[in-house]
Amino acid sequence: MTLDMNNDWWRGAVIYQIYPRSYQDTNGDGIGDLGGITQRLPYVASLGVDAIWISPFFTSPMKDFGYDVSDYCDVDPMFGTLSDFDLLVETAHAHGVRVMIDLVLSHSSDQHPWFVESRASRDNPKADWYVWADPKLDGTPPTNWLSIFGGSAWQWDARREQYYLHNFLTSQPDLNFHNPDVQDALLDVVRFWLERGVDGFRLDTINFYVHDKELRSNPGLPVDQRDDRIAPRVNPYNHQDHLYDKNQPENIAFLERFRALLDEYPGKTAVGEVGDAQRGLEIMGEYTAGDNRVHMCYSFEMLSGKQPEADKVAQIMADVDDKAPEGWACWAYSNHDVVRHATRWDLTPAAQRAFTTLMMCLRGSVCIYQGEELGLPEADVAFEDLQDPYGIEFWPEFKGRDGCRTPMVWEKSNQNGGFTEGTPWLPVSSEHVNMCVAVQEEDPGALIHHYRRAIAFRHAHSALRQGDHDGVKHTGTVVHFQRSDGDETLFIAINLSGEPAVIDAPEGDWHQVGQELGSAAPGPDGKLHLGPWQPALALKK
Ligand code: BGC
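With my numbering applied, the sequence shown covers 3 to 543.
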């Protein structure tokens, strides 16, 4: 397999997210490593994906499992070395798979030398590299801003007798993007990895980079306007309208500097994670408008809540058209932060197939999360096995993110599913072991084959990869729309329900495609009679 040399390869790409701690352990320490990813690349390539996104593997005290970086330009020893990373990239490319890495620029670890220096005094050269502020007269924090992981977003530091800002853990201080030296240092990190041959970046919490310089407090939100898309319902973070702690206009200038650097290296891409319950799609539109900011924004629309019904899917598409008309979304149903969608949406195997087909027909790029191709449910992790500080803080109302981070399952013969010879850092779910890769490869009816077929279907049609969409509507439980690119127009209808449904066939001359995905043909009455969870896919003649 060779790499697609088109510089626009990211448009409509299928990106496979790997959480490195949990993919494959090769040294028996119970934690996955870069060597393990390299070993599994033939499998990844066999799915037909365009790229992998690897969650952080940089040097880190692992308080937030790598999202707290203490050296942006090295590999944490538990994951391997820079040479292991080089081999991974070389092997991926030889298999026709591009490599995207996860840059956590908004904050560092408190162990990063920049922060160690910054907190030492009020007048050292890095004194202004993080967000420091004096207390109010009464000693309380300068604003009402909250940390997503619980409590105030301000932590007192006795050395400087000041507070510093942290949107996540207290051990994840926020870098001060108002300081151009900070921006320069972070862009040097970006260049370091571009020079090493990465194909792109997932930018963690891209809308948190810049805070309000005037340190204004956020307004509160009335109860009926609270939205738990970004944080669980029991988190008071949802009680505020985040006007000032993130989403600041100065961020655009930084993104333009970032993009100018990326464009020095042809064919590179970036997807920004936008976490905002109130204005996520507007920010997506703003950050992906034109061709001088980021290429894609990662959307939260389908990462929370109950199973979206046909009307909801049509509404999301209409909202994207409305709020981000020039934008390019990147869709995901599951990731390392949310309950796996098989469980969150309570999907039967047939329903999982329907949602996979839908995903591969959506306008935008898509991310699938390791194990999603096996239909893994959320694993049950007992309180005593919890690792995630977020879950420990909000237990038992919110159990944190360990249930979607348990190890990938490869074989049935090994009690750890082939993940490790040692003791896994999170227990392997016994329910998962029965759904492992080896078992599904042998079963022609298994979900993994449907993922391969749906991905191949997307790749076979430029209309699906890069085309426009039109007429996104729902008729009862069926969502339907057309995608077109040049001479190719496809009609897509998917019944998002366990009951049969009937809709009118599209007008004009069409022929049925996607039989391998269970596509229905029009009946003698000219209508489309869709079985439960059945799609109808047709190509315009
Ligand atoms: C990542 C999380 C992480 C947080 C702080 C996110 O949105 O996906 O896993 O805890 O950023 O870096």
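Beta carbons are placed, not taken as given, at the ideal position from N, Cα and C, and that holds for glycine.
query, result
"Tyr300 beta carbon near the ligand BGC (any heavy atom closer than 6 Å)", "no"
"Residue span of the beta strand (DSSP E) that contains Asn2, given as start and end", "As displayed, the chain neither begins before 3 nor continues past 543, which places residue 2 out of reach and without an answer."
"Unbroken beta strand (DSSP E) run spanning Arg259, endpoints", "Counting along the chain, Arg259 falls outside any beta strand (DSSP E), though it belongs to the alpha helix (DSSP H) covering 253-264."
"Contacting residues, own chain, Cβ-Cβ under 7 Å from Asp130 (five flanking each side not counted)", "Asn178, Asn181"
"Sub-7 Å separation of Gln19 and Cys369 beta-carbons", "yes"
"Anticipated Cβ contact below 8 Å, Ala503 with Gly478, distance rounded", "5 Å"
"When Ser48, His461, Gln372 are compared against Phe421, the one with the closest alpha-carbon", "Gln372"
"Identity of the residues DSSP links to Gln484 by a beta bridge", "Asp472, Phe493"
"Val106 Cβ short of 6 Å to the ligand BGC heavy atom set", "yes"
"Top-ranked residue by Cα proximity to Arg365, from Trp330, Arg346, Phe396", "Trp330"
"C-beta atoms of Arg295 and Tyr289 nearer than 7 Å", "yes"
"From Ala352, Ser336, Gly500, Arg193, residue whose alpha carbon lies closest to that of Ile17", "Ser336"
"For Leu43, the nearest candidate out of Phe81, Pro63, Leu89, Asp78 (CA to CA)", "Leu89"
"Range of the contiguous alpha helix (DSSP H) that encloses Thr172", "Thr172 -> no alpha helix (DSSP H), and no H or E assigned at all."
"Cross-strand partners of Ile54 (DSSP beta bridge)", "Tyr18, Val101"
"Contained alpha helix (DSSP H) runs [length at least 4] in the stretch 349-398, N- to C-terminal order", "351-363, 391-396"
"Extent of the continuous beta strand (DSSP E) to which Arg204 belongs", "202-205"
"Residue range of the unbroken alpha helix (DSSP H) whose run includes Leu284", "Reading the sequence as shown, one finds Glu at residue 284 and not Leu. Element bounds for Glu284: 282-290."
"Near the ligand BGC: Tyr132 beta-carbon under 6 Å from a heavy atom", "no"
"Val322 versus Tyr300, Gln174, Gly447, Thr271, residue with shortest Cα-Cα distance", "Tyr300"
"Ser57 to Ile39 span [Cα, whole Å]", "12 Å"
"Coil, strand or helix - Lys215 by DSSP", "coil"
"Simplified DSSP assignment, three categories, for Ala522", "coil"
"Inter-residue Cα distance where the pair is Asn72 and Val184", "The sequence shown places Ser at residue 72, rather than the Asn named in the question. So the alpha carbons of these two residues sit roughly 15 Å apart."
"Endpoints, alpha helix (DSSP H) assigned at Trp158", "Here Trp158 belongs to no alpha helix (DSSP H); instead the beta strand (DSSP E) covers 156-159."
"Beta-carbon proximity of Gly269 to Ala326, cut-off 7 Å", "no"
"Proximity to Leu263 [Cα-Cα], best of Val315, Asp470, Val191, Leu466", "Val191"
"Sub-7 Å separation of Asn418 and Val430 beta-carbons", "yes"
"Residue range of the unbroken alpha helix (DSSP H) whose run includes Glu92", "84-96"
"Phe194 Cβ short of 6 Å to the ligand BGC heavy atom set", "no"
"For Glu275, three-class secondary structure by DSSP", "strand"
"Alpha carbon of Gly274 to alpha carbon of Arg261, nearest angstrom", "12 Å"
"Thr172 CB to nearest heavy atom of the ligand BGC below 6 Å", "no"
"Ser111 burial status per 10 Å Cβ neighbour count (16 or more: buried)", "buried"
"Sub-7 Å separation of Arg23 and Ala53 beta-carbons", "no"
"Close Cβ partners of Leu388 (< 8 Å) along its chain, the five nearest in sequence each way excluded", "Ile394, Trp397, Lys401, Gly402, Asp404"
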